[in-house]
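Q: First, the structure itself, so that you have it in front of you.
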Amino acid sequence: MINVILAEDHVLVRKAIKTLLEAEADITVTGEADNGEQVVELIKNKVQADIILAEINMPGMDAMEMLGVLKEMAPNSKIAFLSMMDNEKSILQAIQAGAKGYLNKTIDVFELLFAVRHIYNNGQYICTSSSMALLNKMQQMPQITPVEISPDTEFSVREIEILTLMAEGYTNYEIAEKLFTSKRTVENYRQNMLNKTGSRNTAALIKFAINHGIVK
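Counting in this note's numbering, the sequence shown runs from 19 upward without gaps.
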């Protein structure tokens, strides 16, 4: 069971996310909070939290400050930020500070659930729109020497199709619709490509594919 604490100061948004999460048999929301202070209190009171989903700009103690506190208090809890903005500076700051995920609130339920499960399984996840904002920023940076690609790293035709659509900004659901397959199949392909390339998130995977000429 994936135990989630949900921190969001807009009650309607929080309740909507809770409903989506708890519709899944393997996810339960163990605590709710309006701000970082309340999350800290929940942790002090031994509320179980594999993942803490937190609005980045909560009043009082915001998510970044909360992250700093919980790195010491609850090192095994993975923290992912929720935001309405795809600001590359905020994304980089969040990941560099130790956040395991950055999710724009416009994502669909399939991407939300994929992110929660991926983070729970020790991954990092930046949602598609945020990944594209970060990728655009990365492409403006000075070119660095590409990482050597292993000779046994091969991509199937279907993987290249999915990579190409990912690079164009399509979500898992949209890719599944275009390729006449299921969203879960697309998620599995993405996870396999993350594993085989050693990429930490979607932006890094797309950057890898561009650097090695896998997609244009």
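Backbone N, C-alpha and C fix where the C-beta goes; we use that ideal spot for every residue, glycine too.
Predicted model, so just to flag it, every value in this text is computed and none were measured.
1) Buried or exposed for A43, going by 16 or more other Cβ atoms inside 10 Å?
2) By alpha-carbon positions, which one of K62, G54, D27, I70 ends up nearest to T46?
3) So the alpha helix (DSSP H) N210 belongs to, where does it begin and stop?
4) Considering only the alpha carbon of each residue, which of L39, A81, A222 lies closest to N154?
5) Can you tell me which of the three DSSP states I167 falls into?
6) Which same chain residues, not among the five before or five after S149, have their C-beta less than 6 angstroms away from its C-beta?
7) State the DSSP-derived secondary structure class of I45, mapped to helix, strand or coil.
8) Can you have a look at G216 and say buried or exposed, based on whether 16 or more other CB atoms are within 10 angstroms of its CB?
9) When the Cα atoms are used, what is the spatial distance from E205 to E177?
10) As a quick exercise: from E26, V29, A41, K33, pick the residue whose alpha carbon is nearest that of I16.
11) To the nearest whole angstrom, what separates the beta carbons of I228 and M184, a pair I think is in contact under 8 angstroms?
12) What are the start and end residues of each continuous alpha helix (DSSP H) run of 4 or more residues lying completely inside the segment 30 to 84, in chain order?
13) Looking at the structure shown, is K232 part of a helix, part of a strand, or coil, going by DSSP?
14) Using DSSP's beta-bridge definition, name the partner residues of L100.
15) Quick one: what does DSSP say N190 is sitting in, helix, strand or coil?
16) Between which two residues does the beta strand (DSSP E) harbouring A185 extend?
17) Could you spell out the range, first to last residue, of the beta strand (DSSP E) harbouring A25?
18) Based on DSSP bridge pairs, tell me the residues matched to I144.
19) Could you tell me if Q161 is buried or exposed, where buried requires 16 or more neighbouring beta carbons within 10 angstroms of its beta carbon?
20) Can you find at least 3 beta carbon pairs, one from the segment 107 to 116 and one from the segment 184 to 204, that sit closer than 8 angstroms?
21) Can you tell me which of the three DSSP states I162 falls into?
A: Straight from the coordinates:
1) With fewer than 16 other Cβ atoms within 10 Å, it is exposed.
2) Considering only alpha carbons, the answer is I70.
3) Start and end: 201 to 215.
4) Nearest Cα to N154 within the set L39, A81, A222: A222.
5) With a pLDDT of only 47 at I167, under the threshold of 50, the placement of this residue in the model should not be trusted; the figure read from the coordinates follows. Coil at I167, not helix or strand.
6) Beyond the five residues adjoining it in sequence on each side, S149 comes within less than 6 angstroms, by CB distance, of T220, A221 in the same chain, given in chain order.
7) I45 sits in a strand when the DSSP states are folded into three classes.
8) The residue is exposed, with fewer than 16 neighbouring Cβ atoms inside 10 Å.
9) Taking the straight line from one Cα to the other gives about 11 angstroms.
10) Residue 16 cannot be examined here, being either before or after the span of the chain that is shown, 19 to 234.
11) Not a contact, Cβ separation roughly 11 angstroms.
12) With a minimum length of 4 residues, the unbroken runs of alpha helix (DSSP H) contained wholly in the segment 30 to 84 fall at 54 to 62.
13) The residue asked about is misnamed: residue 232 is Ile in this sequence, not Lys. DSSP, read as helix, strand or coil, puts I232 in coil.
14) Per DSSP, E73, L121.
15) In the structure shown, N190 adopts helical secondary structure according to DSSP, grouped into three states.
16) Bounds of any beta strand (DSSP E) do not take in A185; it lies within the alpha helix (DSSP H) bounded by 175 to 185.
17) 20 to 25 is the extent of the beta strand (DSSP E) around A25.
18) Beta-bridge pairing links I144 to Y120.
19) Model confidence at Q161 stands at a pLDDT of 48, short of 50, so the residue's coordinates are unreliable and nothing is read from them.
20) Not touching, per the Cβ criterion.
21) Because I162 sits at a pLDDT of 38, beneath the cut-off of 50, its placement in the model cannot be relied upon, and the point is left open.
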